[in-house]
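So the sequence shown is residues 16 to 278, counted in my numbering.
A virtual CB, placed ideally from N, CA and C, is assigned to each residue, including glycine.
Quick notes on the structure that follows.
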Amino acid sequence: MASTVAATIKRVALITGASQGIGKCIAQRLASDGLRVALNDIATKRDQLQDVAAQIRTSGGEAIVVTADVSREDDVKAMTTQVVQEAGGLDVMVANAGILGPFKPLHEVSAEEFDQIIAVNVRGVMLSYKHAAQQMIKQGRGGRIIGAASMAGRQGFPNIGPYTASKFAVRGLTHSAAKELMQHKITVNAYAPGIILTSMNLYEEDSVNGGPGSTAVKSIGLPPQTPVGEPEVIASLVSYLAKPEAHFITGQTITICGGIMPS
Ligand SMILES: NC(=O)c1ccc[n+]([C@@H]2O[C@H](COP(=O)([O-])OP(=O)(O)OC[C@H]3O[C@@H](n4cnc5c(N)ncnc54)[C@H](O)[C@@H]3O)[C@@H](O)[C@H]2O)c1
């Protein structure tokens, strides 16, 4: 009887920064995998989130929208509560929201620019991990926590010092949380993309620099022939990490970069 009940629970995934780019693609993929998805972004992106939710529902999936600024603890707490109330629980947290900031050397970065990147990319991930973990521990059925790192969280690149520091921090949080949450059957992993074609990496100057992604590639000192990928390559990995069968993978930061940085 208990196994019949367990089999009928529809797992719920919350994806932050899901109005566009990698987060949107992950949400679409998890919905097509059969999870009920909760789509988060900042309040000004509500219409975009509603569009993504509508697309998912048209394709037969289930989606709700929950706006929050992940750098604010009250917001993250309220977001988690709302997801649990409206979607019935929380099984997969994808702490995807992140910002890059302007390309410039560290000696030109203001303290305010640094703080903003750390607030979203580090505090936002920490708060997302924290409140997801509290809920998953309470539920007692394990879970999956997945964060957005970067290949810049493995190696420093020029002109993105604060971003690089923030993504090294995501790896650190992921390692610690994985060890802490193992006893609750909650895995904690991160994806570390190379250059993925989203608005984070698309600039007007691309047309003169050599095509989509070329300005970002040039700005961080990579060669022009550097491979670039589509968000689907990340969504595919997240889809696997979110599955019950991935229970033996935890504490890992997996680089997906088309071979820029073999490990
Ligand atoms: N695109 C890449 O090449 C690449 C490479 C490595 C890592 N990443 C990481 O992947 C993640 C997704 O990146 P993307 O390329 O889709 O970027 P994107 O800019 O297209 O999307 C990021 C989303 O996060 C949202 N966001 C920003 N601040 C937020 C906040 N405080 N609260 C809630 N949402 C917020 C934005 O509104 C946006 O919708 C980021 O963490 C990024 O650092 C991207």
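Could you check the C-alpha separation between P208 and E101 for me, to the nearest Å? Your numbering for residue 208 matches position 193 in the sequence shown. Your numbering for residue 101 matches position 86 in the sequence shown. Straight-line Cα distance between these residues: approximately 31 Å.
Identify the continuous alpha helix (DSSP H) that holds T265 and give its terminal residues. Reading the sequence shown from its first residue, position 250 is the one you call residue 265. Run containing T265: none; DSSP gives neither H nor E here.
Three-state secondary structure (DSSP) of Y279: The requested residue 279 does not occur in the structure, where the chain is confined to residues 16 to 278.
With hydrogens ignored, establish whether the beta-carbon of Q43 is closer than 6 Å to any heavy atom of ligand 1. Along the sequence shown, read from residue 1 onward, the residue named residue 43 stands at position 28. Flag unset: Cβ of Q43 not near ligand 1.
Does the beta carbon of K233 fall short of 6 Å from some heavy atom of ligand 1? The residue you call residue 233 lines up with position 218 of the sequence shown. It does not: the Cβ of K233 is nowhere closer than 6 Å to a heavy atom of ligand 1.
Count the other C-beta atoms from every protein chain shown that fall within 10 angstroms of the C-beta of D62, then say buried if there are 16 or more, exposed otherwise. The residue given as residue 62 occupies position 47 in the sequence shown. Classification for D62: exposed.
Are the beta-carbon atoms belonging to V27 and D90 less than 7 Å from one another? Within the sequence shown, residue 27 is the residue found at index 12, counting from 1. Within the sequence shown, residue 90 is the residue found at index 75, counting from 1. In this structure, D90 does not lie closer than 7 Å to V27 by Cβ.
Does the beta-carbon of V135, which I'm using as the reference point, lie nearer than 6 Å to any heavy atom of ligand 1? To locate residue 135, count along the sequence shown from 1; it is residue 120. Under cutoff, so the answer is yes.
One question on the structure: do H190 and G116 come within less than 7 Å of each other, judged by their Cβ atoms? Working through the sequence shown from its first residue, we reach residue 190 at position 175. Working through the sequence shown from its first residue, we reach residue 116 at position 101. It is not a contact, given that the beta carbons lie outside the stated cut-off.
Tell me which residue opens and which closes the beta strand (DSSP E) that N174 is part of. Here residue 174 corresponds to residue number 159 of the sequence shown, with the count starting at 1. It is not in any beta strand (DSSP E) - N174 carries neither H nor E in the DSSP assignment.
Using DSSP with H/G/I as helix, E/B as strand and the rest coil, what is G226? Numbered from its first residue, the sequence shown carries residue 226 at position 211. Of the three classes helix, strand and coil, the one that applies to G226 here is coil, per DSSP.
Residues bridged to L54 by DSSP? Here residue 54 corresponds to residue number 39 of the sequence shown, with the count starting at 1. For L54, which the question treats as bridged, DSSP gives the partners I30 and V80.
If you scan the region 102-155 from start to end, which runs of the beta strand (DSSP E) of 3 or more residues do you find wholly inside it? 107-110
Would you check if the distance between the CB atom of L54 and the CB atom of A83 is smaller than 7 Å? Sequence index remark: in the sequence shown, residue 54 carries index 39 (1-based). Sequence index remark: in the sequence shown, residue 83 carries index 68 (1-based). Not closer than 7 Å, so no.
Identify, in the order they occur along the chain, each residue of the same chain with its Cβ nearer than 7 Å to the Cβ of E88, setting aside the five sequence neighbours on each side. For the purposes of this step, residue 88 is taken as residue 73 along the sequence shown, with counting starting at 1. Excluding positions up to five away in sequence, the list reads L142.
Is Q35 near ligand 1, in the sense that its beta carbon is under 6 Å from a heavy atom of that ligand? Residue numbering aside, residue 35 sits at position 20 when the sequence shown is read from its first letter. Flag set: Cβ of Q35 near ligand 1.
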